[in-house]
Amino acid sequence: MRKKSRFITLEGIDGAGKSTHIKKISDWITNQGEEVVCTREPGGTPFGEKLREMVLHEKMDIMSETLLMFAARNEHIKTVIEPALNQGKWVLSDRFTDASFAYQGGGRGVNWDILTTLATWVEARTPDLTLLFDIDPTIAQQRVAQSTAQPDKFEQEQRYFFDRVRNAYLERARNNPDRIVVINSAANLTDLKTTVINILNERLA
């Protein structure tokens, strides 16, 4: 019998620290005896990585940015995510559709009805679990400034932009409590790792 695949996504504003935990989560999945594919958005495919460079570094209309994000996601789903899940593998993605509602919706002001329509067009499967690393934008921006020599156009945004992004993420969490778990990313790293592993054991083991 083919093993049951799982789809896990990590979300949070820039500087929330979610990427720090990818290796730990990947190791946990492997320790469950499962094969895992680690990927990211925007990107995840050669086509998606090209669009990533455009989205992160070139000025463009807000709707153009939104459509490029979903174009990259469509390719990502069709060529990486769905094939892996259909093979019984687990998929761990650094960002997915919730990021579009947070950044293009909350941050840029794109109507959520438009984003919902685009998501319906491209998504074949909703994540089984989303870990939302939540943190005060001021702390997050300090982290980014300390760790990033050449910030992209999102990382260069002002505090109020990230306030809106954060609020949109938290609204998504309130609307999807069975899927999205909010994690206090301001906790010390040891406690944070323990929290993440406990959530995985409770939800997916």
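For the sequence shown, my numbering begins at 1 and goes up steadily by one.
Heads up, the beta-carbon is just placed ideally off N, CA and C, and yes, glycines get one too.
Fair warning: this is a prediction, and the values are worked out from it, not measured in the lab.
Backbone CA spacing between residue i and residue j [nearest angstrom]
{"i": "Q150", "j": "H57", "result": "11 angstroms"}
{"i": "T194", "j": "E202", "result": "12 angstroms"}
{"i": "R143", "j": "H76", "result": "29 angstroms"}
{"i": "A72", "j": "E65", "result": "11 angstroms"}
{"i": "Q32", "j": "T126", "result": "22 angstroms"}
{"i": "L204", "j": "K23", "result": "17 angstroms"}
{"i": "R12", "j": "E34", "result": "In the sequence under discussion, the amino acid at residue 12 is Gly, which differs from the Arg named in the question. When rounded, the distance between both Cα atoms is 26 angstroms."}
{"i": "I148", "j": "E155", "result": "Ile is not the amino acid found at residue 148; the sequence shown has Thr there. If you take the alpha carbons of T148 and E155, they lie about 9 angstroms apart."}
{"i": "G15", "j": "W121", "result": "30 angstroms"}
{"i": "N198", "j": "F7", "result": "17 angstroms"}
{"i": "I25", "j": "V91", "result": "11 angstroms"}
{"i": "N175", "j": "A102", "result": "13 angstroms"}
{"i": "F162", "j": "R108", "result": "10 angstroms"}
{"i": "Q244", "j": "N111", "result": "With the chain represented from 1 up to 205, any question about residue 244 goes unanswered, as that position is not in the structure."}
{"i": "K50", "j": "T79", "result": "15 angstroms"}
Coil, strand or helix - residue i by DSSP
{"i": "L132", "result": "strand"}
{"i": "L204", "result": "coil"}
{"i": "I180", "result": "strand"}
{"i": "T117", "result": "helix"}
{"i": "V80", "result": "helix"}
{"i": "V91", "result": "strand"}
{"i": "E49", "result": "helix"}
{"i": "F161", "result": "helix"}
{"i": "I62", "result": "helix"}
{"i": "T39", "result": "strand"}
{"i": "T148", "result": "coil"}
{"i": "F96", "result": "coil"}
{"i": "F70", "result": "helix"}
{"i": "F101", "result": "helix"}
{"i": "T126", "result": "coil"}
{"i": "I13", "result": "coil"}
Whole-Å CB distance - residue i paired with residue j, under 8 angstroms assumed
{"i": "I81", "j": "D134", "result": "25 angstroms between Cβ atoms; not a contact."}
{"i": "R95", "j": "T9", "result": "7 angstroms"}
{"i": "G48", "j": "S185", "result": "The pair is not a contact, with the Cβ atoms about 26 angstroms apart (cut-off 8 angstroms)."}
{"i": "L67", "j": "V55", "result": "Between V55 and L67 the Cβ distance is about 10 angstroms, and since that is not below 8 angstroms, they are no contact."}
{"i": "S93", "j": "L115", "result": "Not really, about 18 angstroms apart at Cβ, beyond 8 angstroms."}
{"i": "W28", "j": "L189", "result": "Not confirmed; about 16 angstroms, so no contact."}
{"i": "I277", "j": "L118", "result": "Shown here, the chain extends from 1 to 205; a query on residue 277 therefore has no answer."}
Counted within 10 angstroms of its Cβ, other Cβ atoms place residue i as buried (16 or more) or exposed
{"i": "Q146", "result": "exposed"}
{"i": "Q158", "result": "exposed"}
{"i": "G106", "result": "buried"}
{"i": "D178", "result": "exposed"}
{"i": "S5", "result": "buried"}
{"i": "R172", "result": "buried"}
{"i": "M1", "result": "Its pLDDT being 43, under 50, M1 is placed unreliably by the model, and the measurement read from it follows with that caveat. So M1 ends up on the exposed side."}
{"i": "D98", "result": "buried"}
{"i": "P137", "result": "buried"}
{"i": "A140", "result": "buried"}
{"i": "Q87", "result": "exposed"}
Worksheet item: Does the count of Cβ pairs from the region 162-170 and the region 33-52 closer than 8 angstroms reach three?
Response: No, the region 162-170 does not touch the region 33-52.
Discussion item. Across the region 58-65 and the region 30-40, are there enough close Cβ pairs to call them in contact, namely three or more that are closer than 8 angstroms?
Written reply: Using a C-beta cut-off of 8 angstroms, the region 58-65 makes no contact with the region 30-40, since fewer than three inter-stretch Cβ pairs fall below that distance.
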